[in-house]
Amino acid sequence: MQRRHFIAAGMAATALPLIPGLVHAQDGAVEPAPESEGEGKASTYSRDEILAAGSDFLGVTVEALGGALEKIFADYGEHPTAYIAGEEASGSVGIGVRYGKGNLFMKETPDPVHLYWQGPSIGFDTGANASRVFSLVYNLREPIYMYRRFPGVEGSAYFIGGLGVTYQRAEGIVLTPIRAGVGFRLGANIGYMSFSKKRRILPL
Numbered sequence: 502m503q504r505r506h507f508i509a510a511g512m513a514a515t516a517l518p519l520i521p522g523l524v525h526a527q528d529g530a531v532e533p534a535p536e537s538e539g540e541g542k543a544s545t546y547s548r549d550e551i552l553a554a555g556s557d558f559l560g561v562t563v564e565a566l567g568g569a570l571e572k573i574f575a576d577y578g579e580h581p582t583a584y585i586a587g588e589e590a591s592g593s594v595g596i597g598v599r600y601g602k603g604n605l606f607m608k609e610t611p612d613p614v615h616l617y618w619q620g621p622s623i624g625f626d627t628g629a630n631a632s633r634v635f636s637l638v639y640n641l642r643e644p645i646y647m648y649r650r651f652p653g654v655e656g657s658a659y660f661i662g663g664l665g666v667t668y669q670r671a672e673g674i675v676l677t678p679i680r681a682g683v684g685f686r687l688g689a690n691i692g693y694m695s696f697s698k699k700r701r702i703l704p705l
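According to my numbering, the sequence shown is numbered sequentially starting from 502.
Structural data, given as structure tokens:
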């Protein structure tokens, strides 16, 4: 029920004008993630820790998740500083929206940090889906640095029981959402994900 509410609220929000300048998309070229600004480094998670946490949360086998992780590890390394486990709903017919919520896990924080995300997407994209999302986070030193916009380029196919991977990047921090869910969504869209402490209706 919550997921249907997310989609309905999001699609209604897109009836409002979307300012093109709000979407600062980055090209699809993958660059190594630079160190984020500031002193100190956060503790990292190992490959085995990520495989165990991700496969358990997404409800897939270690082998299935391992296949999705191989490219991420090749692009950004095997030791993310955090990960996010959550769920989201999205819908699109040319212009779409995405709403989600989840918990951020870091070794420096004794308890997970609850957060929300939302954002518009504009591109050759159609359909709707509800997904569990497991995101690796690179170069995050403290949870406070999550509350910003993360632009990115998406080009994924979503199938029942399948996994889709996208990259988001801002100020040296890299997110690599891995989605497993129901519904069908195919295409490549350009948008951003904006993280916040509280739920927002408008995808801004």
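Beta carbons are placed, not taken as given, at the ideal position from N, Cα and C, and that holds for glycine.
query, result
"Three-way DSSP call (helix, strand, coil) for glutamate 672 in this model", "coil"
"Neighbourhood of phenylalanine 558 by C-beta distance below 6 angstroms, restricted to the same chain and skipping five residues each side", "Ala586 and Phe635"
"Cβ neighbour criterion (16 or more within 10 Å) applied to serine 591", "buried"
"Cβ-Cβ separation, tyrosine 584 to lysine 602 (assumed contact under 8 angstroms), whole Å", "Contact doesn't hold; Cβ gap of about 15 angstroms is too wide."
"Chain D within 7 angstroms of tyrosine 600, Cβ atoms only", "Of the chains in the structure shown, none is chain D; there is only one protein chain."
"Pick from Ala565, Met694, Pro581 and Leu552 that is closest to glutamate 643, judged by C-alpha positions", "Pro581"
"Unbroken beta strand (DSSP E) run spanning glycine 578, endpoints", "It is not in any beta strand (DSSP E) - glycine 578 carries neither H nor E in the DSSP assignment."
"With 16 other Cβ atoms within 10 Å as the buried cut-off, status of proline 611", "exposed"
"Euclidean distance between Cα positions of alanine 631 and phenylalanine 574", "26 angstroms"
"Under the three-state DSSP convention, the category methionine 647 falls into", "helix"
"Neighbour-count burial assignment, isoleucine 645, 16 or more Cβ in a 10 Å radius", "exposed"
"From Asn640, Val675 and Met694, residue whose alpha carbon lies closest to that of alanine 543", "Asn640"
"Residue nearest to arginine 577 in terms of C-alpha spacing, selected from Gly692, Val675 and Ile702", "Sequence check: residue 577 is tyrosine here, not arginine. When only C-alpha atoms are compared, the closest one is Val675."
"Cβ neighbours of phenylalanine 651 in the same chain (closer than 7 angstroms, five flanking residues each side left out)", "Gln669, Arg670, Ala671, Leu676, Tyr693 and Met694"
"Where isoleucine 551 falls: helix, strand or coil (DSSP)", "helix"
"Residue range of the unbroken beta strand (DSSP E) whose run includes leucine 664", "664-666"
"Separation of histidine 615 from glycine 539, as counted between CA atoms", "In this prediction, glycine 539 scores a pLDDT of 43, lower than 50, which makes its location untrustworthy; no coordinate-derived value is stated."
"Cross-strand partners of threonine 677 (DSSP beta bridge)", "Leu637"
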